[in-house]
Amino acid sequence: MRDFPSCFGENGVQVADSSSSSSSKNAQNLVTCVYQCRLRGRSCLITVSWSKNLMGQGLTVGIDDSSNHCLCKVDIKPWLFSKRRGSKSLEAYSSKIDIYWDFSSAKFGSGPQPLEGYYVGVVVDRQMVLLLGDLRKEAFKKTSATPMPSDAVFVAKKEHIFG
Numbered sequence: 001m002r003d004f005p006s007c008f009g010e011n012g013v014q015v016a017d018s019s020s021s022s023s024s025k026n027a028q029n030l031v032t033c034v035y036q037c038r039l040r041g042r043s044c045l046i047t048v049s050w051s052k053n054l055m056g057q058g059l060t061v062g063i064d065d066s067s068n069h070c071l072c073k074v075d076i077k078p079w080l081f082s083k084r085r086g087s088k089s090l091e092a093y094s095s096k097i098d099i100y101w102d103f104s105s106a107k108f109g110s111g112p113q114p115l116e117g118y119y120v121g122v123v124v125d126r127q128m129v130l131l132l133g134d135l136r137k138e139a140f141k142k143t144s145a146t147p148m149p150s151d152a153v154f155v156a157k158k159e160h161i162f163g
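Throughout the sequence shown, residue numbering follows the numbering used here, covering 1 to 163 in sequence.
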């Protein structure tokens, strides 16, 4: 009777080759959610992408018009994400767009999205167009924004999870 590894040849005990291990070094978990809302009376899509890799967690918020033209985009890289709270100001359609986030109390699971204790808010001309997370009261206090008459509508979710 032969040894178990010898049944598979010389490489019988090799777990992975170098090409597969290099791709796992760049592995990134990604969850993208798309919301439809109104910006100055025009339909637009807000795309929120949560990522997690070896560098840490990240967040991207993009706003596209109805013809998929990018109006603005904010990348919150892992090193900015580690500050736990902040804001970015942009302009589109002659409107001031502010994106606020607070992850100082956030609880994370194995995925890239926080489970609780956070908010991400998109404010256009002092109106909250999109608010994610469970810290709604804190978000409105921080932003001094007013709620929109109609909320953003969740359109789609795409997940790319390794592991």
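Beta carbons: idealized from backbone N, C-alpha and C, even for Gly. Only a predicted model underlies this, so the values are computations on that prediction, with no experimental measurement involved.
ask   = For Ala152 versus Ile46, is the C-beta spacing smaller than 8 Å?
value = Taking 8 Å as the Cβ cut-off, Ala152 and Ile46 qualify as a contacting pair.
Buried versus exposed call for Phe162 [16 or more other C-beta atoms within 10 Å across all chains shown] = When all chains shown are included, Phe162 counts as exposed.
inquiry  = I believe Cys37 touches Cys44 by the beta-carbon criterion, under 8 Å. Please report the beta-carbon distance rounded to the nearest angstrom.
reply    = Contact flag correct, Cβ pair sits at about 6 Å.
message = Let me confirm a value: Met128 is counted as buried when at least 16 other C-beta atoms fall within 10 Å, else exposed. Which label applies?
response = Buried.
Cβ neighbours of Asp75 in the same chain (closer than 6 Å, five flanking residues each side left out) = Around Asp75: Thr60.
task = Within its chain, find whatever has a CB closer than 6 Å to the CB of Leu132; leave out the 5 residues flanking it on each side and keep chain order.
result = Contacts found: Val120.
ask   = Hey, quick one: how far does the beta strand (DSSP E) through Phe162 stretch, first residue to last?
value = No beta strand (DSSP E) contains Phe162, which DSSP labels as neither H nor E.
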